[in-house]
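Below is one structure, written out as structure tokens; comments come after it.
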Amino acid sequence: MHILVCIKQVPDSAQIRVHPVTNTIMRQGVPTIINPYDLFALEEALRLRDNYGGEVTVLTMGPPMAEDALRKALGYGADRAVLLTDRYFAGSDTLATSYALSQAIAKVGETFGTPDIVFTGKQTIDGDTAQVGPGIAKRLDLIQLTYVAKIPSVDLDAREIKVERRCEGGAQMLKSRLPCLITMLEGTNEIRRGSLEDALYAARSQVLRWSAADAGIDDLTRCGLRGSPTVVKRVFAPTARAEKAALIETPERNLRDLADELIAAILTRGPALEQELAFNGGE
Amino acid sequence: MSSANREAPRPASGRAGTKKELPDHFKDYRHVWVFIELERGQVHPVSFELLGEGRKLADKLGVELAGIVLGPPGETTQSAVAEAFAYGADLVYNVEAPLLADYRNEPFTKAMTDLVDAHKPEILLLGATTLGRDLAGSVATTLKTGLTADCTELDVDTDGSLAATRPTFGGSLLCTIYTLNYRPQMATVRPRVMPMPQRMDKPVGRVIRHKLSVAEDDIVTKILGFLPDSQSGKANLAYADVVVAGGLGLGAAENLQLMKDLARAIGAEHGCSRPLVQKGWLSADRQIGQTGKTIRPKLYIAAGISGAIQHRVGVEGADLIVAINTDPNAPIFDFAHLGIITDAIRFLPALTEAFTRRLSPHSRDKLAN
Numbered sequence: 051m052h053i054l055v056c057i058k059q060v061p062d063s064a065q066i067r068v069h070p071v072t073n074t075i076m077r078q079g080v081p082t083i084i085n086p087y088d089l090f091a092l093e094e095a096l097r098l099r100d101n102y103g104g105e106v107t108v109l110t111m112g113p114p115m116a117e118d119a120l121r122k123a124l125g126y127g128a129d130r131a132v133l134l135t136d137r138y139f140a141g142s143d144t145l146a147t148s149y150a151l152s153q154a155i156a157k158v159g160e161t162f163g164t165p166d167i168v169f170t171g172k173q174t175i176d177g178d179t180a181q182v183g184p185g186i187a188k189r190l191d192l193i194q195l196t197y198v199a200k201i202p203s204v205d206l207d208a209r210e211i212k213v214e215r216r217c218e219g220g221a222q223m224l225k226s227r228l229p230c231l232i233t234m235l236e237g238t239n240e241i242r243r244g245s246l247e248d249a250l251y252a253a254r255s256q257v258l259r260w261s262a263a264d265a266g267i268d269d270l271t272r273c274g275l276r277g278s279p280t281v282v283k284r285v286f287a288p289t290a291r292a293e294k295a296a297l298i299e300t301p302e303r304n305l306r307d308l309a310d311e312l313i314a315a316i317l318t319r320g321p322a323l324e325q326e327l328a329f330n331g332g333e
Numbered sequence: 002m003s004s005a006n007r008e009a010p011r012p013a014s015g016r017a018g019t020k021k022e023l024p025d026h027f028k029d030y031r032h033v034w035v036f037i038e039l040e041r042g043q044v045h046p047v048s049f050e051l052l053g054e055g056r057k058l059a060d061k062l063g064v065e066l067a068g069i070v071l072g073p074p075g076e077t078t079q080s081a082v083a084e085a086f087a088y089g090a091d092l093v094y095n096v097e098a099p100l101l102a103d104y105r106n107e108p109f110t111k112a113m114t115d116l117v118d119a120h121k122p123e124i125l126l127l128g129a130t131t132l133g134r135d136l137a138g139s140v141a142t143t144l145k146t147g148l149t150a151d152c153t154e155l156d157v158d159t160d161g162s163l164a165a166t167r168p169t170f171g172g173s174l175l176c177t178i179y180t181l182n183y184r185p186q187m188a189t190v191r192p193r194v195m196p197m198p199q200r201m202d203k204p205v206g207r208v209i210r211h212k213l214s215v216a217e218d219d220i221v222t223k224i225l226g227f228l229p230d231s232q233s234g235k236a237n238l239a240y241a242d243v244v245v246a247g248g249l250g251l252g253a254a255e256n257l258q259l260m261k262d263l264a265r266a267i268g269a270e271h272g273c274s275r276p277l278v279q280k281g282w283l284s285a286d287r288q289i290g291q292t293g294k295t296i297r298p299k300l301y302i303a304a305g306i307s308g309a310i311q312h313r314v315g316v317e318g319a320d321l322i323v324a325i326n327t328d329p330n331a332p333i334f335d336f337a338h339l340g341i342i343t344d345a346i347r348f349l350p351a352l353t354e355a356f357t358r359r360l361s362p363h364s365r366d367k368l369a370n
């Protein structure tokens with residue numbers, strides 16, 4: 051079985067700071083990580099490979115430094131890594147990104163065998179759109195299975211797959227067909243610690259570096275800024291509310307009085323709440 | 002704004018100034034559409050919130066607002082049609098077919114893209130639910146148009162384009178995104194980000210019915226079953242009227258009980274900030290903020306939460322925000338309405354006790370049982 055996992059290198063958003071005066075992102079020194087949602091996809095792919103045999107290819111699109119993310123994925127146990135990097139991809143929105151990735155996936159298929167399953171994470175932590183997975187599925191005409199929590203079985207001979215898919219208010223049990231694209235739900239597994247062998251393999255392996263031409267992309271108007279129907283017109287910091295919180299004085303007060311005062315203040319601001327709270331409390 | 006204004010786009014500044022003329026084949030794309038999310042007999046409330054926003058956009062553009070209702074033949078689908086009118090739609094496009102009974106990507110994408118090709122809307126809005134996100138991505142890629150996810154503000158620019166604003170960089174900044182030369186302009190909005198519009202009783206308006214152009218045999222994915230979430234212990238944070246949440250200021254996982262005790266005493270749902278989910282103290286469905294749930298309660302009490310922007314984005318819609326934190330410089334005091342600078346671990350039991358004293362005797366009796 052050939053499984054392909056799309057990953058993305060993202061800034062560790064927990065460490066992003068906005069400059070207090072200029073309202074611009076302070077990128078310097080922000081470490082990059084593999085998008086955490088992608089690790090659930092990678093682990094699921096590695097488990098399927100371990101159970102059914104075959105190999106796992108990881109693919110990313112990004113600047114040359116994204117090679118670090120791929121090397122890390124090799125260290126977790128992936129077999130092959132492809133970096134799609136070209137200045138023509140700069141400024142891609144989700145439609146242009148899914149175009150470039152789908153072309154590269156097709157090229158991986160020609161070169162190393164068509165993937166039976168393409169995995170992505172549920173979304174990324176920097177864009178949060180959840181659009182690239184469905185975009186790739188549509189372009190490659192793969193069955194789209196999003197928010198998958200579990201893969202109970204894969205039947206390689208019958209080309210069948212069963213998945214449990216999260217939806218509003220519950221889970222759907224679905225039977226579908228290979229090849230398919232799966233976006234993996236978070237919290238469904240835990241990324242393994244790569245073995246020493248994997249670490250050595252990651253250090254020794256060559257990450258394949260593909261330009262747009264290498265990936266077989268001849269229509270550059272569909273890439274990057276030119277291939278992106280959406281345009282970011284403004285970036286700005288959220289405006290703070292003019293009025294700050296009314297603070298209730300705390301020194302030298304016992305907690306009981308303080309609590310009573312807070313409740314009085316709450317009910318002054320929202321008189322209708324008294325009934326709300328009492329009513330709910332009685333339920 | 003009259004529709005005549007739209008014919009003369011003004012030059013815009015910045016990157017949007019590079020705008021080309023909208024290609025001829027998109028020029029007859031008109032009207033605002035809202036996808037009405039119907040699942041297992043229920044319309045998701047986000048659809049009504051979107052009709053409220055869609056109404057404003059349609060009025061600014063001087064065009065009509067349409068609801069898109071896809072579902073199985075029968076009562077539930079027709080009541081969803083009636084609800085779409087009650088929340089402001091001028092007309093409804095309706096596709097009824099047995100294979101639209103439960104959501105699957107293939108038939109829903111086909112139904113949507115066929116409708117768009119036939120009737121050409123300029124704006125298409127969907128809820129950013131698991132269903133809406135699954136569908137929106139496929140529809141936008143099929144139509145090769147732009148899609149802006151998780152918008153927090155929608156407006157119409159002077160030239161009639163949709164200005165879709167969303168958080169970026171994990172909520173630290175906002176950006177406004179345009180889909181300049183493609184139609185429809187698509188956007189998703191998360192539940193509770195927009196206010197619920199007033200429901201009006203009015204007669205059912207114009208309904209335009211379409212047939213589904215695929216049959217069950219054409220659909221690869223089959224539904225084997227559905228496992229509903231057990232109702233007990235499942236959070237319904239997004240639509241709760243009163244919410245109590247805890248953050249790192251609670252110090253230890255066992256102190257979450259203090260926050261839960263308060264929630265129970267006042268009939269609130271409880272939640273937490275992102276770091277607590279990352280620590281495994283509470284499950285992900287309890288997370289409040291940009292990457293968790295957006296809430297819009299009448300009262301929100303945040304205990305030991307510092308108020309990072311990513312949390313703020315999820316709670317700003319609350320009518321009354323009360324913050325309890327030891328740090329007077331915590332950002333939460335910038336957007337809370339009421340604040341107490343004190344240790345939540347010590348204060349929460351006192352507050353729970355004080356609320357219990359104030360509740361009606363009837364409620365107290367029930368609580369004691």
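In order, the protein sequences belong to chains G and E.
Just so we're aligned: the first sequence equals residues 51 to 333 in the working numbering.
Just so we're aligned: the second sequence equals residues 2 to 370 in the working numbering.
Each residue gets a CB set at the ideal place from its N, CA and C atoms; glycine is no exception.
Taking Cβ to Cβ, would you say residue i is nearer than 7 Å to residue j?
i, j, result
"Gly340 of chain E", "Ala355 of chain E", "no"
"Val106 of chain G", "Arg99 of chain G", "yes"
"Ala252 of chain G", "Gly125 of chain G", "yes"
"Pro185 of chain E", "Leu101 of chain E", "no"
"Val245 of chain E", "Ala264 of chain E", "yes"
"Gly272 of chain E", "Arg287 of chain E", "yes"
"Glu84 of chain E", "Val47 of chain E", "no"
"Arg232 of chain G", "Val204 of chain G", "Sequence check: residue 232 of chain G is Ile here, not Arg. Contact flag unset, no."
"His52 of chain G", "Pro229 of chain G", "no"
"Leu51 of chain E", "Ala59 of chain E", "no"
Mapping DSSP to helix, strand and coil, what is residue i?
i, result
"Asn237 of chain E", "coil"
"Asp286 of chain E", "helix"
"Ile306 of chain E", "coil"
"Thr318 of chain G", "helix"
"Tyr30 of chain E", "coil"
"Leu145 of chain G", "helix"
"Glu105 of chain G", "strand"
"Glu326 of chain G", "helix"
"Arg16 of chain E", "The predicted position of Arg16 of chain E is uncertain, since its pLDDT is 43 and thus under 50; no value can be drawn from it."
"Glu302 of chain G", "coil"
"Gly248 of chain E", "coil"
"Gln59 of chain G", "strand"
"Ala199 of chain G", "strand"
"Ile313 of chain G", "helix"
"Leu126 of chain E", "strand"
"Gln5 of chain G", "Since the first residue of chain G shown is 51 and the last is 333, residue 5 of chain G is not available in this structure."
Only counting the same chain, and skipping five residues up and downstream in sequence, which positions put a Cβ closer than 8 Å to that of residue i?
i, result
"Glu40 of chain E", "Asp103, Tyr104 and Leu132"
"Thr143 of chain E", "Thr110 and Thr114"
Who does residue i pair with in a DSSP beta bridge?
i, result
"Ala324 of chain E", "E:Ala303 and E:Gly340"
"Val44 of chain E", "E:Leu39"
"Phe227 of chain E", "G:Gln222"
"Ser278 of chain G", "Paired residues: none, contrary to the question."
"Arg216 of chain G", "G:Ala221"
"Cys273 of chain E", "E:Gly247 and E:Gln288"
Sorted by chain position, which residues of the same chain lie with C-beta nearer than 6 Å to residue i's C-beta, five sequence neighbours on each side aside?
i, result
"Gly331 of chain G", "A caution first: Gly331 of chain G carries a pLDDT of 45, below 50, which makes its placement in the model unreliable, though a value can still be read off. Excluding residues within five positions, none has a Cβ falling inside 6 Å."
"Gly42 of chain E", "Thr77"
"Asp143 of chain G", "Ser278 and Thr280"
"Arg7 of chain E", "The predicted model places Arg7 of chain E with a pLDDT of 36, which falls under 50 and marks its position as unreliable, so this point remains unresolved."
By Cβ distance below 7 Å, which residues in the same chain neighbour residue i in space, the five residues on each side in sequence not counted?
i, result
"Arg297 of chain E", "Arg193, Gly318 and Ala319"
"Arg91 of chain G", "The sequence shown places Ala at residue 91 of chain G, not Arg. Correct list, in chain order: Val55, Phe169, Thr170, Gly171 and Met234."
"Asp136 of chain G", "Ser261 and Ala262"
"Thr343 of chain E", "Ile325 and Thr327"
"Ile19 of chain G", "Outside the modelled stretch of chain G, which goes from 51 to 333, sits residue 19 of chain G, for which no answer is possible."
"Asp135 of chain E", "Asn106"
- Count the C-beta pairs between the segment 147 to 166 of chain E and the segment 105 to 120 of chain E that are closer than 8 Å, then say yes if the count reaches three, no if not. no
- Query: Does the segment 251 to 269 of chain G come close enough to the segment 121 to 137 of chain G to have 3 or more Cβ pairs within less than 8 Å?
  - Reply: yes
- Indicate whether the contact test is met: 3 or more Cβ pairs, each with one atom in the segment 181 to 188 of chain G and one in the segment 136 to 149 of chain G, closer than 8 Å. yes
- Message: Across the segment 217 to 224 of chain E and the segment 173 to 189 of chain E, are there enough close Cβ pairs to call them in contact, namely three or more that are closer than 8 Å?
- Response: no
- Quick one: any contact between the segment 219 to 226 of chain G and the segment 221 to 229 of chain E, if contact means 3 or more CB pairs under 8 Å? yes
- Query: Counting pairs of beta carbons, one from the segment 275 to 285 of chain G and one from the segment 295 to 306 of chain G, are three or more of them closer than 8 Å?
  - Reply: no
- Query: How about the segment 59 to 79 of chain E and the segment 29 to 40 of chain E: do they share at least three Cβ pairs that are nearer than 8 Å?
  - Reply: yes
- Item | Segment contact, 8 Å Cβ cut-off, at least three pairs: the segment 270 to 279 of chain G with the segment 204 to 217 of chain G | Segments in contact, no.
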